[in-house]
Structures are given as structure tokens and as C-alpha cells.
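K.L.:
As you go down the protein sequences, you meet chains C and H in turn.
Under the working numbering, residues 5 to 329 are what the first sequence spells out, in order.
Under the working numbering, residues 5 to 329 are what the second sequence spells out, in order.
2 protein chains.
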Amino acid sequence: MYTIEEIQKLINDYIDNQKFEGNPAELYAPIEYILRQGGKRLRPTLCLLACDLFGGKVEDCMVPAVAAEIFHNFTLVHDDIMDQAPLRRGVETIYKKWGSDVAILSGDTMLIKAFQYVLNTDNKYRYEVFAELCKVALEVCEGQQFDLNFETRDDVTLEEYLEMIRLKTAVLLGSVLKIGAIVAGADEKAQNAIYNYGVDLGMAFQLQDDVLDCYADVDVFGKMIGGDISDNKKTYLYLYALSVASAEDEAELRRLFQMPKGRDEDKINKVLAIYDKYAVKQEALAHIHKYFMSSETILAELDVENEDRKKVLRDYAEYLYKRNK
Amino acid sequence: MYTIEEIQKLINDYIDNQKFEGNPAELYAPIEYILRQGGKRLRPTLCLLACDLFGGKVEDCMVPAVAAEIFHNFTLVHDDIMDQAPLRRGVETIYKKWGSDVAILSGDTMLIKAFQYVLNTDNKYRYEVFAELCKVALEVCEGQQFDLNFETRDDVTLEEYLEMIRLKTAVLLGSVLKIGAIVAGADEKAQNAIYNYGVDLGMAFQLQDDVLDCYADVDVFGKMIGGDISDNKKTYLYLYALSVASAEDEAELRRLFQMPKGRDEDKINKVLAIYDKYAVKQEALAHIHKYFMSSETILAELDVENEDRKKVLRDYAEYLYKRNK
Chain C
5 MYTIEEIQKL INDYIDNQKF EGNPAELYAP IEYILRQGGK RLRPTLCLLA CDLFGGKVED
65 CMVPAVAAEI FHNFTLVHDD IMDQAPLRRG VETIYKKWGS DVAILSGDTM LIKAFQYVLN
125 TDNKYRYEVF AELCKVALEV CEGQQFDLNF ETRDDVTLEE YLEMIRLKTA VLLGSVLKIG
185 AIVAGADEKA QNAIYNYGVD LGMAFQLQDD VLDCYADVDV FGKMIGGDIS DNKKTYLYLY
245 ALSVASAEDE AELRRLFQMP KGRDEDKINK VLAIYDKYAV KQEALAHIHK YFMSSETILA
305 ELDVENEDRK KVLRDYAEYL YKRNK
Chain H
5 MYTIEEIQKL INDYIDNQKF EGNPAELYAP IEYILRQGGK RLRPTLCLLA CDLFGGKVED
65 CMVPAVAAEI FHNFTLVHDD IMDQAPLRRG VETIYKKWGS DVAILSGDTM LIKAFQYVLN
125 TDNKYRYEVF AELCKVALEV CEGQQFDLNF ETRDDVTLEE YLEMIRLKTA VLLGSVLKIG
185 AIVAGADEKA QNAIYNYGVD LGMAFQLQDD VLDCYADVDV FGKMIGGDIS DNKKTYLYLY
245 ALSVASAEDE AELRRLFQMP KGRDEDKINK VLAIYDKYAV KQEALAHIHK YFMSSETILA
305 ELDVENEDRK KVLRDYAEYL YKRNK
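1. Tell me which same chain residues have a C-beta within less than 7 Å of the C-beta of H:V222, skipping the five on either side of it?
2. Quick one: Cα of C:G189 to Cα of C:D17, how far?
3. Nearest to H:Q195 by CA position, among H:D213, H:E136 and H:G147, is which residue?
4. For C:F225, which residues from the same chain have a beta carbon less than 8 Å from its beta carbon, with the 5 sequence-adjacent residues on both sides left out?
5. In chain C, what lies closer than 8 Å to H:N77 by C-beta?
6. Interface residues of chain C around H:A141 at Cβ under 7 Å?
7. Mapping DSSP to helix, strand and coil, what is H:V62?
8. For C:E300, does the three-state DSSP call read helix, strand or coil?
9. Using the beta-carbon count (16 or more within 10 Å), is H:E146 buried or exposed?
10. List, in chain order, every chain C residue whose beta-carbon is nearer than 8 Å to that of H:N27.
11. Flag this pair as yes or no: are the beta carbons of H:I85 and H:M114 separated by less than 7 Å?
12. In the structure shown, what three-state DSSP assignment does H:L317 receive?
13. For H:F296, tell me which candidate among H:Q212, H:A251 and H:K237 has the shortest Cα-Cα distance.
14. Rounded to the nearest angstrom, how far is the Cβ of C:I19 from that of C:L39, given a contact under 8 Å?
15. Mind checking whether H:P34 and H:S104 have CB atoms under 7 Å apart?
16. May I have the straight-line CA-CA distance separating H:A255 from H:A245, to the nearest angstrom?
17. By DSSP, does H:V308 sit in helix, in strand, or in coil?
18. Do you know whose CA, among C:L152, C:L80 and C:E143, lies nearest C:Q41's CA?
19. Please give me, in chain order, every unbroken run of the alpha helix (DSSP H) with length at least 4 that falls completely inside the stretch 116 to 186 of chain H.
20. Does the beta-carbon of C:L39, which I'm using as the reference point, lie nearer than 6 Å to any heavy atom of the ligand GTP?
21. Since H:A249 meets chain C, which of its residues come closer than 9 Å, beta carbon to beta carbon?
22. Are the CB atoms of C:L50 and C:L181 within a distance shorter than 7 Å?
23. If you draw a straight line from the C-alpha of C:M263 to the C-alpha of C:V106, how long is it?
24. Note down the Cα distance separating H:V95 from H:E322, rounded to an integer number of angstroms.
25. By Cβ distance, which residues of its chain are closer than 8 Å to C:Y219, with the 5 residues on each side in sequence left out?
26. Report the partner residues of C:L91 according to the DSSP bridge assignment.
27. Would you say C:A135 lies against chain H (beta-carbon separation less than 7 Å)?
28. Quick one: Cα of H:R259 to Cα of H:V308, how far?
29. So, at 7 Å on beta carbons, what are the nonlocal neighbours of H:L303 in its own chain, with the 5 sequence-adjacent residues on each side left out?
30. Looking at C-beta atoms only, is the number of pairs between the stretch 120 to 133 of chain H and the stretch 56 to 73 of chain H that lie closer than 8 Å three or more?
31. Taking 7 Å as the CB-CB limit, is C:C55 close to chain H?
32. Compute the distance between the beta-carbons of C:A72 and C:R47, then report whether it is under 7 Å.
33. Give every residue of the same chain whose Cβ lies closer than 8 Å to the Cβ of C:A288, excluding the five residues on either side of it in the sequence, and list them in chain order.
34. Counting only Cβ pairs nearer than 7 Å, list the residues of chain C close to H:Q149.
35. Is it buried or exposed for H:E269, if we count other Cβ within 10 angstroms and need 16 for buried?
Next comes the structure, spelled out in C-alpha cells:
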């Protein structure tokens, strides 16, 4: 049984020892660049935690865990082109630093590399891991396309938004946990349960992003609040507010979100005032709590040999749940 | 043993019966759009031809053959973004019709779909097919990046150019033939021989593209000649001309290729005059012939149970060799 620190050290050491160099340098330098940045490495961490939970050998899970991390970073590289994002993790994006052609191609290369990693998993579960990664990869693309579609639609419902973040973010957390379970030899019922657990966690995780963007402690958060409002992003907060606001407030909110993108403190304050009027933050937190409790129930009901192992996963989930950045 | 027409019918029927629909439509409609266009379907054809050559069941090879075709189309979709190409196969590109965001994402989806297809190959050779597809996919990305790099370099050598087209175009032909051999159960020596055969064929095929662009019969070719010259593309013809021209002609050629991109009959005529002066076309045709003869030798030396089967592949290669569009 591993502690969370041990798991994270295993992952960081393993990734540090991987070489992503190659020729031409223009293709591979961006891959080194983004994979060396670290980040939370949430997906490989969950993958190994699930493997350990079901009594598997975490070393056997390292390759698919890293594949998932490479895959996740591929999605960031391509998303940043579409968002024309200059910064990520406090440094220049590949798109900004090398241009969109390099970002497209090095992203493609990362996607292929992710699949190539899976080739190195044990023959026993290689097929299942592969199938899971293909399935979830398609869903993540679908989620991203829905997200793009929402930018130009003004009739997005809360349900559609939840389905979009399920595809774009939550299912990958479910899948990495499931892959950990597969490698550990857990049965199908357990695989599905831990998958559902991860989806709940992912939903909570993404909704927290929405809340933090508006209500984080700036000093801890590390960036200015209201970024989503500046970008006219149709988040949970915005869509919930629309669904409960008076006709007048709804019209005002829609008007504010039709203003050109860009930082405008007055606009942010007006939007936040409407959110406050309808207790939008409280509703979002309650929704997050619901997902978190649902995940907790799944974990509690899970049949594992060693109940103590649940504690590591539970603590990690709680750490994510209580994060303030 | 199949005729080339039978092989092509099998492929066309199979692809026609595949569904690439899905939700959101913005993601999947472009995939339907490009895969329904047809084109030469050179890669799946070669894959099945190799399988048949080595006495395999072509039905077993259909899934990886289609995977290769989807993969190839993925590269076209992303290349068209980088080239800002409005037309392909006489119709609007995905980039032009739906924009670059959709082209990036639907391209990504096609790449994943290609790998997902491979999952459906028989367990016996699934792993080998996967490994081959991953390897060649990375090489194709490398080739494309070299091609991009060449646009802004003025010291590209003929050798570098040949290596670029080897990676960008030729190795995929080698790999699809090798995959056909793998599925047919051919031994490693035969797999490598047919791979090398395909690389030679691919080199000849790409160099022919360079020649046709300048010297095709316009009525047959279906588009105006001199497109590469208008685009300042550093083709074999250009690089060979630079390597043999007088200092004066070299300077003139470089000057012409530094003019803004765009159609200019006067520029095209000047470039072609220099090419003619140094018999560039003849040299290119001789080079193509060399690759073709090398491929012929490999095929002749290949140890297969039924020598008659070589004829179908030989005829198809000759048809490609003698193509005028």
C-alpha cells in the first residue's frame, strides 16, 4: 500500500526519466516542454491509486498512467490553439511559443505517443486498456466540440453543459481509474464502480473550476478572478443564474455576456452581483457536494480486500474537493 | 487471388458500409465528408494486395487497411490547415468548409478512430499491426514537420528533401504493405522486403507528383501546372536545378522563389526555362525510374508460394508509375 506522496513520487520520477526528444527538434521540443512542466498529474495519480486500491502492482500500471498523462497534455495543446490561449501553468503555451502549426503537429505526435505507450503494457490487459483509451479519447474530442459549439449558441441548457463537462473532463478521470482497476485484475463490476466514482469526482472537479474562477482567494488562486466572465464563458454559474433569474436580470446577464471578450472590472462586478442575488455560488457548491457524496457512497460500497486502501483515495479526493486553486 | 478491380471493390464497399456518424454533428460530419470522397485509396489497396500476395485472407486485412486510410485522411485534414488549402480532390477542404477548429478536432478524432479500428483486428497480429501503425504515424508527423521547416530555410539539400518525402509519404506505403504481410503470416524477412518495396514505390510516387506538377498534360491532370512554383515549394525539381545550375541561374531561381506566393505565368515560364536548360525533368524521371527498378528487383526476389500473385501488384505499381494525374 502506497501513500499519496509515494505514488506521486513514482509518477514524477518515471516521467522525469522518459525521453521525448527526437528529430526534428521543432516537433519534439514542445513535447519535452509541456511534459516537464508537471502540473497536478491528477490522471496518472488516480490510475495508480486505483491499481493499488484493488491490490495490483502499481509498477504494472505506470505505462498506461503515463499514456493517460500524455493524452491529457495532447488535449491541452490542441485546446490552447482553439482558445488562442497565451498562458498555461503560468508559462507560454506551445501555441503561443511555437505557433499553431507546431502546436497541431506536436499535439498529434503526443496523441500517437500516448497510444505507443500503451503498447508497452502487459499483453494480459493491453487490449482492454487500449479499448478504454480509444473510447474515452473520442469522448473527450466530443466534449471539446460541444464546448466550441456552446460559444456561439445562446440557448445552452444546464443539462447540456453538464453533459459537455462530463465528456470533456469527467470521463477521463473515470477511465484512468478503470484502467488502474483493469491492471489490478479487478472484476467488471468493480471496474464500472470505480469508473463511476471517477466521473462523479470529475464533475465535482470541473464545477469547482467554475466556482474558483469567480470566488477564489486571489492570493492563493494565483490569477485574477472573473476570467470566465471576461471570456463570456457559459459556465455552470452563468447557466444556473439564467435559469433562475428574473426576466430583467436574465436580459442583463445575457447583455453582459454579449460584450466583447476582455477584462472589464465593471462587467465582472455586475455579473457577480447577479450571481450573489440568486445565491449561485451556494447552489454550485451544493451541486459539487452532491457529486462528492455520490462518489463517497460508491467508494464505501466498493468491495476491496483491504478497506484501509480506500483511505488513500478518499483523502486524495477530499484534497481535490477542498482545493482552493 | 484477386484482381486489382476486385480488391478495390472490396475496399470501396467496405468503406461505404462504415458509419462515421456521431454526436456532435460538427465533429463527425467532416469525417463522413472526407472519407466519402474516395480518392485513390492507394494505402488500403496496397495493404490488401500484400496480404493476397503472401496467401493471406484479404478479409482479415480489411480493418487495418481501413485504419490506414483513415490515418492517411487525418494527415490530409491537418496538413490542409497548415497549408491553408482551400481545395482537395476538387472540393472544399474541411479547413475551408468548417474552419480550423473543426479541422483540428475532427482530424484528432480520425486519428483516434484509426487506432480504434486496429483494435478490431484479430488478436494474433493486432499487436504487431498497432506497433507498425504507431511507428509510421510518428514518422509521418516528423516528415510533415521537416516539410514545414523547409518553407523558411534556403539551404535545404536534395538529400534532406528525399528524407523528408521518405518520412512524409513513402514509409506509409511501406507500412501498409508490411501490415498486409503481417496479417498473411509472412515471415520477418518477407515483411521487411515488402516494406522496402513500398518505400521505393512511395519515393517514386512522390517524385512523380513533383514532375506532374510542372509537366502534366493539363487536360488530363485536371488542374493548372506550376502549382508548386506558384507556392515557392522546394521540390525535387527546384533543389536539383539549384544543385547543377550556373551561379547566375541559381541566383535567378532563388530570386524567383522569393517572390510572393500566387499565380504568375511569367514566373512559372522563367522557372520552367531554367529547368529545361538543365534537363531537370529528365533527371527526375531517371530518379523515379531508379526507385521503380529497385522496387521491381525486390519484388522479383521475393519468395512467395504463387509467383502469379506478383503480377497483380506489379501491374498496379506500373499503373501508378505511368499515371499522368
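Every residue, glycine too, gets a C-beta built ideally from N, C-alpha and C.
Computed from a prediction, not measured in an experiment: that's the story for all the values here.
P.N.:
Result, derived from the coordinates:
1. M228 and I229
2. 25 Å
3. H:E136
4. L216, N328 and K329
5. Neighbours of H:N77 on chain C: none; closest Cβ ~13 Å, over 8 Å.
6. The answer, in chain order, is I116.
7. helix
8. In the structure shown, C:E300 sits in a helix (DSSP, three-state: H, G or I).
9. buried
10. E146
11. Contact flag unset, no.
12. helix
13. H:Q212
14. 6 Å
15. 7 Å or more divides the Cβ of H:P34 from the Cβ of H:S104.
16. 11 Å
17. coil
18. C:L80
19. As far as the stretch 116 to 186 of chain H is concerned, its whole alpha helix (DSSP H) runs of at least 4 residues are 127 to 155 and 162 to 169.
20. This structure lacks the ligand GTP, and indeed carries no ligand of any kind.
21. Near H:A249 there are no residues of chain C at all, since even the closest Cβ is about 28 Å away, more than 9 Å.
22. yes
23. 32 Å
24. Just so you know, the alpha carbons of H:V95 and H:E322 end up roughly 28 Å apart.
25. I229 and K285
26. C:E96
27. yes
28. 52 Å
29. Around H:L303: Y201, K314, L317 and R318.
30. yes
31. no
32. yes
33. Annotation for C:A288: L211, D214, V215, Y240, L241 and Y244 place their beta carbon closer than 8 Å to its own, counting only its chain and skipping 5 residues before and after.
34. P28, E30, L31 and L109
35. exposed
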